[in-house]
Structures are given as structure tokens and as C-alpha cells.
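The structure appears right after this line, and notes come after that.
There are 2 protein chains.
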Amino acid sequence: MVKNNDYDKVVEIFKALSEPMRIKILDVVSCRELCACEILECLSISQSTLSHHMKVLISCDLVIGRKEATWMYYSINKETIANIHNILDIITSKKSNCVCNVQRKNCKK
Amino acid sequence: MVKNNDYDKVVEIFKALSEPMRIKILDVVSCRELCACEILECLSISQSTLSHHMKVLISCDLVIGRKEATWMYYSINKETIANIHNILDIITSKKSNCVCNVQRKNCKK
DNA sequence: CATAAATATTGACAGTCATCAATATAATAA
DNA sequence: TTATTATATTGATGACTGTCAATATTTATG
């Protein structure tokens with residue numbers, strides 16, 4: 001069974017990934033480090049919407065942001081991707097001390 | 110670059126995973142096949158809410174549902190979990206033919 | 001200082017969704 | 001048939017969120 005604070009972190013990441021435009025952004029940013037205006041040219045959204053999405057992706061550590069002069073450069077955070085793989089493995093594997101082993105009270109089965 | 114219909118499928122899965130209660134359900138169901146009333150005892154939600162979440166998890170193939178008499182048995186679908194790992198690898202890896210390589214028009218950088 | 005370029009923030013709005021109580025359906029047992 | 005158990009559906013509600021235009025901020029340049 002996963003700890004509650006681990007749930008919070010992974011849910012935040014999955015929430016970030018559950019938006020088509022953000023998946024697209026992650027896909028593009030995985031190629032190489034790009035500035036916001038370059039990403040914007042690949043997509044059909046307004047500048048403010050892109051800025052909002054980048055904030056979400058950064059806040060859950062999926063993307064790393066780096067400021068240089070007036071530009072913001074974005075790149076994928078491989079460490080967080082590895083964490084997703086790991087936590088997904090933990091969540092979807094068998095547990096010996098699972099809460100499902102508690103005594104069933106209301107279930108007449 | 111990932112195809113658009115692949116995006117749709119993976120976004121649907123991530124949307125299912127972006128809800129704390131559904132992650133918890135997936136965690137519990139990964140232990141062994143359980144009926145709805147057993148899952149219900151592990152959680153603090155109403156029966157109708159659980160039914161709704163199971164429908165979401167089944168519709169994106171994260172969970173397999175099996176009816177036996179009046180009971181519904183749920184188990185994790187390992188195949189979909191493997192697909193998540195694969196598509197995540199594709200999304201977060203370098204691409205030679207990325208859309209980010211197109212000529213930049215408006216960016217003055 | 002004034003202008004321009006890149007990005008961030010704000011406020012509004014429409015759409016989505018998690019939740020529940022109430023009810024319906026399905027299957028079994030008396 | 002009637003009652004009971006397990007699960008699904010419906011309808012309502014409050015909360016959240018993606019989107020945009022407008023505006024603000026930051027940085028460099030003339």
C-alpha cells in the first residue's frame with residue numbers, strides 16, 4: 001500500500017498529464033530544450049494559456065524552466081519520468097500487507 | 110511525435126489516474142481480485158461513487174470487471190499498465206522528426 | 001527615458017467532474 | 001411471490017479547470 005503523501009505527489013503528476021495539450025507540450029519538449037515562443041509556434045493556443053500549462057508542468061517537476069534574458073527555456077525532467085515508472089510499478093503490484101485483507105463486516109459474501 | 114489518437118487513449122488513462130480515490134482503488138485491486146463490496150469496505154465513499162469510479166477504470170481498460178451472480182469482481186489489467194509504460198517512454202524520448210524543427214516565424218530569437 | 005519583445009498574471013466564463021441520496025435493476029433465497 | 005443483497009443509474013450540486021483577452025512585468029535596446 002502506498003503512503004498518502006506519495007499518492008498526493010503522483011496524483012498531481014497524473015493530473016498534469018491528463019490534459020491533451022500538456023501531453024503534446026511534453027512530447028515536444030522531450031525533443032530538446034525549447035523557449036516558450038518556439039513551443040507556441042507548434043501549438044494552436046494563446047500565449048497566456050501556454051504560460052499556464054508550463055506553470056502546471058513545472059510545479060509537478062515534469063518540466064524544468066530556465067530563464068535567460070527575456071526568454072524562458074523549458075526541458076523535460078527525466079528524473080520525474082523515472083519516478084512515474086517506479087510509483088506505477090508499486091501501485092500496480094501485489095502487496096502482502098494490503099488493506100483488502102481486513103475483516104469484512106458488511107459484505108455477506 | 111505521437112499520433113493524435115494515441116494521445117486520446119493515453120489522456121483518457123491519465124485522466125482516470127488523476128483522481129486520488131481511483132489511484133487508491135487501483136492500489137487495492139492490484140493485490141488480488143476483489144468484489145465491489147470488499148473494495149467499498151477499504152474506502153470511505155458511498156456505493157454509488159464507487160460504482161462510478163469502477164466504470165471509469167473499466168472504460169479505459171485499467172481494470173477488468175467480471176460478473177458472477179450478484180457480485181462484480183474487479184482485477185487490474187496488467188496489459189494496460191504495460192502500455193502506459195511504453196507510451197510514456199515514447200512521449201518522453203527524443204524524436205528526429207519533431208514538429209519543433211519547423212521554421213520559426215514569429216519568434217525573434 | 002521610451003519602445004519593443006517575451007512572458008506572467010488577472011478576471012471572466014463555459015464545461016467537466018466527484019460526490020451524494022434516492023431510486024432502479026438484477027440475482028438469489030425463503 | 002416476497003424479501004434481501006449487490007450493484008447500477010439518475011439527478012442535483014458544488015468545486016475545479018482550460019481557455020481567452022486584457023493587462024502587467026521583466027529585460028534588452030535605441
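One line per chain: the protein sequences are A and W, in this order. Okay, so the first sequence: first residue is 1 according to my numbering, each after it adds one. Okay, so the second sequence: first residue is 110 according to my numbering, each after it adds one. For each residue, glycine too, the CB sits at the ideal point set by N, CA and C.
Check: Tell me W:MET181's beta-bridge partners as DSSP assigns them.; Outcome: W:LYS176
Check: For W:CYS146, which of helix, strand or coil comes out of DSSP?; Outcome: helix
Check: List the endpoints of the continuous alpha helix (DSSP H) containing A:LYS24.; Outcome: 20–29
Check: Hey, how far is the Cα of A:CYS31 from the Cα of W:ILE196?; Outcome: 15 Å
Check: Cutting at 8 Å between CB atoms, please list the residues of its own chain near A:ILE23, excluding the five before and the five after it.; Outcome: LEU17
Check: Look at the alpha carbon of A:THR49 and the alpha carbon of A:VAL28, and state the distance between them as a whole number of angstroms.; Outcome: 16 Å
Check: What is the rounded straight-line gap between the Cα of A:PHE14 and the Cα of A:THR70?; Outcome: 30 Å
Check: Are the C-beta atoms of W:SER139 and some chain A residue less than 7 Å apart?; Outcome: yes
Check: Using Cβ-Cβ distances below 8 Å, what residues of the region 54–77 of chain A are close to chain W?; Outcome: TRP71 and ILE76
Check: Buried or exposed for A:HIS85, going by 16 or more other Cβ atoms inside 10 Å?; Outcome: exposed
Check: I need the straight-line Cα distance from W:GLN204 to W:ASN210, nearest angstrom please.; Outcome: Sequence inspection shows Lys at residue 204 of chain W; the Gln mentioned does not correspond to that position. For W:LYS204 and W:ASN210, the distance between alpha carbons rounds to 10 Å.
Check: Quick one: which residues of the region 36–56 of chain A get their C-beta closer than 7 Å to a C-beta of chain W? List them in chain order.; Outcome: CYS37, GLU38, GLU41 and CYS42
Check: Going by beta carbon distance, what residues of the same chain come within less than 6 Å of W:GLU121, once the five residues before and after it are set aside?; Outcome: CYS169
Check: At the level of alpha carbons, what is the spacing between A:SER51 and W:GLU142?; Outcome: 43 Å
Check: Looking only at its chain, what residues have a beta carbon closer than 8 Å to the beta carbon of W:ASN186, apart from the 5 residues adjacent to it on each side?; Outcome: ASP170, LEU171, VAL172 and ILE173
Check: Determine the closest residue to A:VAL56 out of A:ILE25, A:ASN97 and A:SER93, with distance taken between C-alpha atoms.; Outcome: A:ILE25
Check: Quick one: Cα of A:ILE45 to Cα of A:ASP8, how far?; Outcome: 29 Å
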